[in-house]
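Colleague: First to last, the sequence lines map onto chains A and B.
The working numbering puts the first residue of the first sequence at 64, with every later residue one more than the last.
The working numbering puts the first residue of the second sequence at 64, with every later residue one more than the last.
C-beta: ideal position from N, C-alpha, C; glycine also.
Here it is: the structure, laid out below.
There are 2 protein chains.
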Amino acid sequence: MPRKRLTPVSFTNVQFDDVFWKPRVDTNRTSTLPIEHQQLKASGQLAQYRWKPGKPNPPHIFWDSDVAKWLEAAAYSLATHPDKKLEKQVDAVVNDMARIQGPDGYLNTHYLLVEPKKRWSNLRGCHELYCAGHLMEAAVAYAEATGKRKFLDMICRYTDYIRKEFGRGKGRRRGYPGHQEIELALVKLFRATGKGDYLDLAKFFIDERGRKPHYYDTEAVARGDKPGDWHFGGSYRYCQADRPVRELAEVTGHAVRAMYLYAGMADVAAHTGDKTLLAALRRLWKSTTQRRMHITGGIGPTSANEGFTFDYDLPNESAYLETCAAVALVFWAHRMLHLEKDGQYADVMELALYNGALAGISLDGKQFFYENPLAAYPGAPSGKREPGTHHRRVGWFGCSCCPPNIARLIASVAGYVCSADRNSIWVHLYAAGSAEVALGGQTVKLTQRTRYPWDGKVAITVRPEKAAEFTLALRIPGWCRKASLKINGKAVSLKPVTRKGYAHVKRLWKKGDRVELLLPMPVERVEAHPNVRQDAGKVALKRGPIVYCLEEADNFKDLHNVALSRSTKFAATFQPKLLGGVTVLTAKATQRDTAGWADDLYSADAGKLKPVAIKAIPYACWANRSPGEMLVWLNAR
Amino acid sequence: MPRKRLTPVSFTNVQFDDVFWKPRVDTNRTSTLPIEHQQLKASGQLAQYRWKPGKPNPPHIFWDSDVAKWLEAAAYSLATHPDKKLEKQVDAVVNDMARIQGPDGYLNTHYLLVEPKKRWSNLRGCHELYCAGHLMEAAVAYAEATGKRKFLDMICRYTDYIRKEFGRGKGRRRGYPGHQEIELALVKLFRATGKGDYLDLAKFFIDERGRKPHYYDTEAVARGDKPGDWHFGGSYRYCQADRPVRELAEVTGHAVRAMYLYAGMADVAAHTGDKTLLAALRRLWKSTTQRRMHITGGIGPTSANEGFTFDYDLPNESAYLETCAAVALVFWAHRMLHLEKDGQYADVMELALYNGALAGISLDGKQFFYENPLAAYPGAPSGKREPGTHHRRVGWFGCSCCPPNIARLIASVAGYVCSADRNSIWVHLYAAGSAEVALGGQTVKLTQRTRYPWDGKVAITVRPEKAAEFTLALRIPGWCRKASLKINGKAVSLKPVTRKGYAHVKRLWKKGDRVELLLPMPVERVEAHPNVRQDAGKVALKRGPIVYCLEEADNFKDLHNVALSRSTKFAATFQPKLLGGVTVLTAKATQRDTAGWADDLYSADAGKLKPVAIKAIPYACWANRSPGEMLVWLNAR
């Protein structure tokens with residue numbers, strides 16, 4: 064019997080009953096999804112299918128994808144919380160799309176209605192295959208949620224047509240997307256339909272990418288443009304097409320494109336067993352997470368290319384760190400975890416999920432960040448995409464990829480909790496709730512009781528239908544230094560059973576067996592690598608998986624004048640009424656004494672410090688109160 | 064007898080014989096002026112007067128000014144060091160200009176040759192009056208240097224024509240320049256010719272500026288453009304025309320434009336005694352130097368508008384700080400000093416001169432910085448004007464305003480040393496050498512012996528032709544805390560005679576009287592104002608007027624990991640062979656111990672420090688050796 068691939072337990076089989084995720088998932092369903100539907104309506108994106116030449120507000124090249132991500136999020140919600148109104152809203156969009164779908168199956172609103180003669184003329188710049196990918200993801204989710212086939216059938220027709228257009232055969236295009244996404248979507252479609260053609264197409268796009276002669280040059284000449292390296296950051300590196308993907312040595316260019324590509328590569332590798340793809344992915348993982356990732360799991364530090372710069376360049380106030388990029392890092396990490404069964408991937412997945420990604424949405428689920436800097440100084444003008452959006456979330460963006468992206472992640476986040484392979488149940492995330500896992504011909508129910516991430520005590524009750532020998536692989540987070548484990552009240556030595564970040568407890572599990580995992584969460588003062596010039600002399604505060612920040616609302620102005628000393632002691636306290644219930648860190652630190660400054664801009668008579676009480680909140684929860692400063696990296700003495 | 068205005072002693076009456084300025088002035092004459100002539104030739108700027116329609120490389124709207132600043136610098140050099148070859152080069156340009164000058168006197172190469180129908184159509188954007196101003200300054204300097212009238216007469220004809228075109232009378236334009244400069248130039252021309260019309264025109268441009276309806280709107284409509292606020296930084300604030308100049312409350316917009324305007328306002332106020340201008344200048348001085356000036360005297364922190372952002376926004380690595388802006392701050396400070404006889408202006412003048420401005424030119428006088436950041440990290444891509452020019456000086460720029468600007472300043476820097484009014488000689492700068500000062504009907508010769516700025520001991524010998532009672536006003540720099548004074552070996556108490564930064568020693572001066580001024584120069588750890596977020600937790604090193612920096616060439620990579628403690632002791636040592644002879648600062652500091660880092664990007668097991676020897680050099684001398692990192696503000700524990 065072949066070794067069964069490690070597979071996530073579907074979000075439909077996992078229920079949260081916890082202090083952290085349940086409120087987020089509920090808010091996503093009751094607040095975010097309706098709000099986003101309104102915003103898509105207000106922006107004209109829902110009406111795009113009825114647009115006529117000469118009318119204002121023509122469908123933009125990426126509008127299909129914004130709608131598709133909302134459809135996908137709605138589908139996930141419908142899968143666990145049937146809702147007639149929401150289902151009707153989805154069906155309305157599907158019906159509108161059906162009306163404009165071409166007889167050949169083609170389905171891109173912009174190119175059908177606005178530029179009907181330019182189909183496939185600019186893969187590099189025009190998001191056509193990217194939009195197709197998002198439609199595939201939405202269609203699969205909706206079919207799985209409702210059992211209705213119409214949307215999925217439409218998209219399969221579209222994909223079959225794409226399959227005929229692209230490939231190595233005569234008369235086919237040897238192109239690939241400028242904005243990746245379709246690769247991972249095709250693998251989803253393959254899994255949902257079993258059609259190997261879809262997997263082959265994903266593999267084709269990945270294999271063709273970056274080959275010479277560059278397809279982007281070929282298509283540029285064909286449409287009458289100049290060939291050559293592209294303007295955005297001056298390089299094909301912007302869309303990771305400067306060389307064949309197996310030769311990529313470091314993460315470059317647009318962060319979301321990079322992450323979606325790597326996720327797609329991991330998906331293809333999972334099915335093909337291609338070791339050359341895996342080797343590239345391991346290099347790129349190291350480049351991303353050990354050289355170019357902010358402590359929040361945010362990635363892509365500059366607005367110039369919405370992406371990467373160079374190793375260890377991790378600015379704070381000017382950091383871009385698009386919400387979509389953190390979301391996409393979660394996707395990639397999740398896939399790497401399943402490929403490699405290695406906790407290092409789960410660690411990054413958890414980090415990006417609880418910090419960099421969640422920061423992108425307000426606690427009420429109604430407002431969003433595009434950018435997620437690690438310091439905010441409200442007086443500072445933003446040189447970024449949408450002025451004024453860098454220290455306050457807003458309801459929508461001109462380019463509104465992030466809001467539906469975070470919504471689909473939250474709607475399906477229960478799917479990140481655990482996985483199973485042939486004879487093991489893997490628990491990646493700790494959160495009170497329950498999961499039903501199919502294993503060895505029966506259903507094993509796991510129930511977690513924990514206040515994670517505010518407390519590291521996790522009690523898991525294991526309930527197989529009948530006693531059975533299998534392995535419970537419990538994640539021991541990389542941030543935890545002194546984990547301990549009891550089974551049915553009896554201590555189990557972790558060291559002998561722990562490998563690659565998971566404690567593998569193999570035994571005959573009986574209904575009601577109790578697992579007690581203790582993951583102590585001291586407050587840690589974290590330093591950045593010595594090559595990170597922006598964080599030299601500074602520390603960040605972390606507790607468990609949570610990255611903290613100071614916010615003006617809890618403290619005072621000029622947060623940069625706070626200085627921690629080596630002896631600063633932090634107290635961690637759960638405040639049930641603050642920000643929906645969070646654990647805050649408080650300490651007596653020092654602050655520059657500004658009493659004697661008057662009007663001098665520079666002074667040699669300075670250096671005085673005074674004691675000050677500070678309070679830190681989880682980074683992901685900042686900007687939910689009055690506008691003000693925020694700071695993650697604090698000066699340390 | 065009316066109180067005589069404080070007037071600078073001409074650079075022609077001051078000779079350096081010192082370790083600091085003499086080499087700079089000599090290099091400027093023997094290296095910079097010839098190099099810049101070559102560069103102006105290579106760029107096509109010297110041939111611009113012979114350009115014909117249809118030919119490549121048409122004269123740019125600001126080319127007249129680049130050439131004019133070089134002419135001005137050449138004239139200053141000729142005044143003290145006659146040089147047939149150089150004089151011939153100047154005459155050749157003057158003759159070329161004469162050939163194209165319009166019959167009405169108009170003299171702008173671009174508008175005469177390239178866009179002959181667009182004269183005066185876009186004062187806001189097209190540098191026409193700015194170029195005229197630089198021609199005036201050059202013409203005055205050349206007439207004074209050589210006694211030749213041709214250039215000056217040409218420019219007076221041009222100015223007389225401008226006078227007829229601009230004004231409040233019928234048929235005249237009520238416009239004013241988008242890039243200020245002509246105001247101060249007109250006052251120079253007034254002083255050289257005695258023609259009150261020129262002073263009136265300067266006053267007109269200043270008085271009209273920022274009035275409503277905006278002239279920039281009027282002219283925009285006239286040329287068929289849209290009226291309204293301008294694109295660059297979105298505001299008339301960019302060129303200080305958002306309101307009448309007397310209502311300006313803070314320094315805004317393009318730094319060089321602001322400084323030239325304020326210098327011109329000070330010039331007009333000096334002649335008109337206009338208290339309302341003076342009140343505005345005091346406000347703007349405070350805004351500039353107490354809110355928006357880097358510790359080097361550099362100003363204008365962002366490349367976005369080549370100018371100012373908001374109070375206390377003083378970035379380091381991304382700081383723009385155009386060389387021209389520091390030069391222009393020297394000009395303004397010099398004028399304020401003469402208006403107000405207050406050492407606070409001399410302090411800033413000295414600071415900008417010895418640091419922010421001088422950094423703009425290499426020690427060999429052949430290469431230039433446009434931008435003068437306070438930190439350099441060579442791997443970092445520059446988002447600025449000319450990529451790669453932010454940590455290495457280059458020979459020339461596409462827009463090459465800075466090289467001739469620093470050249471004209473250095474060529475005439477002896478003119479900043481001392482001044483005289485009715486019965487006092489004022490010494491502002493200390494440098495070995497001599498000055499001949501006309502006072503009370505005789506010439507008083509002062510000889511300074513000092514190793515300033517490397518040593519604070521200054522010996523001045525006073526030699527009037529005949530004994531006379533007058534005041535010697537000696538600057539006690541703001542950075543000096545324990546100055547002391549002896550006259551002919553006898554201690555003089557400074558406190559009773561010192562006001563507004565000058566010690567006023569009134570006595571019967573006899574030939575050979577000896578003044579010994581001691582200005583102790585301990586190494587100081589300077590902090591920035593608590594509102595400056597970019598410098599929080601950091602100190603800069605200063606000794607006397609000199610700001611220091613660490614450079615990779617003397618130290619190591621990753622300078623950001625150096626940390627000074629409160630107990631760090633610095634030794635100051637003169638190194639005659641280093642960088643032309645500079646005093647360096649050395650200390651045993653600490654550095655992060657990077658031994659245990661491996662590949663982790665973040666670690667809570669850090670915090671180790673190790674001792675390290677560091678060496679700091681004068682900021683103005685950085686980037687004269689192998690390319691590398693540079694850092695002014697150092698982490699302090």
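Kindly list the residues whose CB is nearer than 7 Å to the CB of residue 680 of chain B, restricted to its own chain and excluding five residues on each side of it in sequence; keep chain order.
Modeller: Answer for residue 680 of chain B: 611, 612, 614, 617, 642, 645, 647, listed in chain order.
Colleague: Please go through the segment 467-503 of chain B and give each complete beta strand (DSSP E) segment of 3 or more residues, from N-terminal end onward.
Modeller: As far as the segment 467-503 of chain B is concerned, its whole beta strand (DSSP E) runs of at least 3 residues are 481-483, 487-490, 496-502.
Colleague: Would you mind telling me which residues of chain B sit closer than 7 Å to residue 433 of chain A, beta carbon to beta carbon, in chain order?
Modeller: Here the premise fails: no neighbours, minimum Cβ distance about 19 Å.
Colleague: Spatial neighbours of residue 122 of chain A within its chain, please: C-beta separation below 7 Å, excluding the five flanking residues on both sides.
Modeller: If we look at residue 122 of chain A and ignore the five residues flanking it on each side, its Cβ neighbours are 111, 114, 172, 173, 176, 177.
Colleague: Who are residue 457 of chain A's beta bridge partners in DSSP?
Modeller: Bridge partners of residue 457 of chain A: A:431.
Colleague: Name, please, each residue of chain B whose Cβ falls closer than 7 Å to the Cβ of residue 698 of chain A.
Modeller: Ordered by position in chain B, the residues that pass the 7 Å Cβ test against residue 698 of chain A are 599, 600.
Colleague: Taking contact to mean at least 3 C-beta pairs separated by less than 8 Å, is the segment 586-593 of chain B in contact with the segment 423-439 of chain B?
Modeller: Because the criterion of three Cβ pairs below 8 Å is not met, the segment 586-593 of chain B and the segment 423-439 of chain B do not touch.
Colleague: For residue 547 of chain B, report the span of its beta strand (DSSP E) as first-last.
Modeller: Element bounds for residue 547 of chain B: 547-550.
Colleague: Could you have a look at residue 677 of chain B and say whether DSSP puts it in helix, strand or coil?
Modeller: Strand.
Colleague: Go ahead and label residue 129 of chain A buried or exposed: buried means 16 or more other beta carbons lie within 10 angstroms of its beta carbon, across all protein chains shown.
Modeller: Result: buried.
Colleague: Touching or not, the segment 258-275 of chain B and the segment 307-326 of chain B, by the rule of three or more beta carbon pairs under 8 Å?
Modeller: Enough Cβ pairs lie closer than 8 Å, so yes.
Colleague: Below 6 Å CB to CB, which residues in the same chain sit around residue 333 of chain A once its five sequence neighbours on both sides are set aside?
Modeller: Result list for residue 333 of chain A: 402, in chain order.
Colleague: Could you tell me the alpha carbon to alpha carbon distance between residue 564 of chain B and residue 124 of chain B, rounded to whole angstroms?
Modeller: For residue 564 of chain B and residue 124 of chain B, the distance between alpha carbons rounds to 43 Å.
Colleague: Using a beta-carbon distance cut-off of less than 8 Å, what residues from the segment 349-363 of chain A approach chain B?
Modeller: Residues 349, 352, 353, 354, 356, 358.
Colleague: When you compare the CB of residue 589 of chain A with every CB in chain B, is at least one pair closer than 8 Å?
Modeller: Judged by the 8 Å Cβ criterion, residue 589 of chain A is in contact with chain B.
Colleague: Is it the case that the Cβ atoms of residue 664 of chain A and residue 354 of chain B are separated by a distance below 8 Å?
Modeller: Closer than 8 Å, so yes.
Colleague: On the premise that residue 364 of chain B lies in contact with residue 376 of chain B, defined as a C-beta separation below 8 Å, what is that separation, rounded to the nearest angstrom?
Modeller: Indeed, because the Cβ distance is near 6 Å, the residues count as touching under 8 Å.
Colleague: Just verifying my parser: in three-state terms, what is the DSSP assignment at residue 401 of chain A?
Modeller: Helix, per DSSP.
Colleague: Once you ignore the five residues that flank residue 214 of chain A on each side, which residues in its own chain have a CB closer than 6 Å to its CB?
Modeller: Closer than 6 Å at Cβ, skipping near neighbours: 157, 202, 205.
Colleague: Name the two residues that bound the continuous alpha helix (DSSP H) containing residue 163 of chain B.
Modeller: Its alpha helix (DSSP H) spans residues 147-163.
Colleague: Could you please tell me which residues of the segment 653-680 of chain B, in chain order, have their CB closer than 8 Å to any CB of chain A?
Modeller: Those would be 655, 657, 660, 662, 663, 664, 665, 666, 667, 669, 670, in chain order.
Colleague: Since residue 419 of chain B contacts residue 389 of chain B with CB under 8 Å, what's their CB separation in whole angstroms?
Modeller: Residue 419 of chain B to residue 389 of chain B, Cβ: 4 Å. Contact.
Colleague: With 16 other CB atoms within 10 Å as the buried threshold, where does residue 703 of chain B fall?
Modeller: Residue 703 of chain B is absent from the structure shown; chain B starts at 64 and stops at 700.
Colleague: In three-state terms, what does DSSP make of residue 64 of chain A?
Modeller: Note on residue 64 of chain A: pLDDT 37, under 50, position unreliable in the model; no value is reported.
Colleague: Please report how far the alpha carbon of residue 322 of chain B lies from the alpha carbon of residue 394 of chain B, in whole angstroms.
Modeller: For residue 322 of chain B and residue 394 of chain B, the distance between alpha carbons rounds to 8 Å.
Colleague: Does the distance from the CB of residue 182 of chain B to the CB of residue 193 of chain B come in under 8 Å?
Modeller: No, Cβ-Cβ distance for residue 182 of chain B and residue 193 of chain B is not below 8 Å.
Colleague: Do the CB positions of residue 521 of chain B and residue 582 of chain B come within less than 8 Å of each other?
Modeller: Contact: yes.
Colleague: Three or more C-beta pairs under 8 Å: does that hold for the segment 551-570 of chain B against the segment 626-641 of chain A?
Modeller: Result no; under three Cβ-Cβ pairs closer than 8 Å.
Colleague: Leaving out five residues before and five after residue 300 of chain B in sequence, what residues of the same chain have Cβ atoms less than 6 Å from its Cβ?
Modeller: 315, 316, listed in sequence order.
Colleague: Here's the rule: buried if 16 or more other CB atoms are within 10 angstroms of the residue's CB, otherwise exposed. What is residue 467 of chain A?
Modeller: Buried: at least 16 other Cβ atoms inside 10 Å.
Colleague: Helix, strand or coil, according to DSSP, for residue 83 of chain B in the structure here?
Modeller: Residue 83 of chain B falls in the coil class under three-state DSSP.
Colleague: List, in chain order, every chain A residue whose beta-carbon is nearer than 9 Å to that of residue 138 of chain B.
Modeller: The contacting residues do not exist; residue 138 of chain B stays about 36 Å from chain A at best.
Colleague: Does residue 448 of chain B come out as helix, strand or coil in the three-state DSSP assignment?
Modeller: Note that residue 448 of chain B scores a pLDDT of 47, beneath 50, so its modelled location is shaky; the value from the coordinates is reported in the next line. Three-state DSSP puts residue 448 of chain B in coil, outside helix and strand.
Colleague: Could you spell out where the beta strand (DSSP E) holding residue 527 of chain A opens and where it closes?
Modeller: From DSSP, the beta strand (DSSP E) with residue 527 of chain A extends over 520-527.
Colleague: How would you write the range of the alpha helix (DSSP H) that residue 586 of chain A sits in, first residue to last?
Modeller: Careful: residue 586 of chain A lies outside any alpha helix (DSSP H), inside the beta strand (DSSP E) at 586-591.
Colleague: For residue 612 of chain A, report the span of its beta strand (DSSP E) as first-last.
Modeller: Run containing residue 612 of chain A: 609-614, per the beta strand (DSSP E) assignment.
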